[in-house]
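Novice:
In mature numbering (1 follows the signal peptide of the UniProt record, and there is no 0), the protein residues as written are -24 to -1, 1 to 193.
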């Protein structure tokens, strides 16, 4: 009886330390799914465009070299991302890395969501009455590219531009990654890619009720 009580107490302590949502994310069962709202996907497309604009117009590897005049020429979305990057850099004492990129991009998406800065990114074919259904495939090769980009040796902006290139036409998949706990980084994508054959992102719903899930191919 005493042993049973100790075991039960241990389980209670374990779940009090690690939130259930975190435990669900790191599981790698092929039946697991990770969902994100449609609004996040739209703003992730805004993120990709902002990364490309900053890469074209500013020196993102040397932020201090950018003049106020150059910065003022940015679109609102790109200026918001630039400010998010600068503010984050000012709060850290080390050089920014690929892992920092995931955290910064998640903060940026959260800010866009709160300010309603979104745009449409795709045309959906309606099936099953009023329910929309669409699948996105991401190859194992793309996942490997992303994993390499997020590596600590890639550098912050190298990771940023690689993400924009890999996911330019797949904002849903990028949203999936950014929607997970930022500190897990590639753990989310790798969990979906449990078979090493790539992943499938599924979108289902209507209007604001869209949901997205990820599974192995």
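All residues carry an ideal CB built from backbone N, CA and C; glycine is no exception. As the structure is a prediction and not an experimental result, all values here were calculated from the model.
Are the CB atoms of residue 24 and residue 114 within a distance shorter than 9 Å?
Specialist: No, they are not a contact pair.
Novice: Using 10 angstroms around the beta-carbon of residue 29, count the other beta-carbons present and answer buried if the total reaches 16, otherwise exposed.
Specialist: The residue is buried, with at least 16 neighbouring Cβ atoms inside 10 Å.
Novice: First and last residue of the alpha helix (DSSP H) that includes residue 90?
Specialist: Note, residue 90: alpha helix (DSSP H), 74 to 91.
Novice: If you compare alpha carbons, which of 121, 36 and 26 is closest to residue 71?
Specialist: Here the closest residue by C-alpha is 36.
Novice: What do you get for residue 46, buried or exposed, if any count of 16 or more other CB atoms within 10 angstroms of its CB means buried?
Specialist: Exposed, since its Cβ has fewer than 16 Cβ neighbours within 10 Å.
Novice: Assuming residue 174 and residue 116 are in contact, meaning their beta carbons sit under 8 Å apart, how far apart are those beta carbons, in whole angstroms?
Specialist: That pair is a contact at about 4 Å.
Novice: Identify, in the order they occur along the chain, each residue of the same chain with its Cβ nearer than 7 Å to the Cβ of residue 133, setting aside the five sequence neighbours on each side.
Specialist: For residue 133, where only same-chain residues beyond five positions count, the Cβ hits under 7 Å are 36 and 37.
Novice: Does DSSP classify residue 192 as helix, strand or coil?
Specialist: Reduced to three states, the DSSP call for residue 192 is strand.
Novice: By DSSP, does residue 68 sit in helix, in strand, or in coil?
Specialist: Coil.
Novice: So, at 6 Å on beta carbons, what are the nonlocal neighbours of residue 176 in its own chain, with the 5 sequence-adjacent residues on each side left out?
Specialist: Contacts found: 111, 113, 191 and 193.
Novice: Measuring CA to CA, which of 178, 172, 145 and 20 is closest to residue 78?
Specialist: Out of 178, 172, 145 and 20, 20 has the C-alpha closest to the C-alpha of residue 78.
Novice: Using the Cβ count rule (16 or more neighbours within 10 Å means buried), how would you classify residue 18?
Specialist: Buried, because 16 or more other Cβ atoms sit within 10 Å of the Cβ of residue 18.
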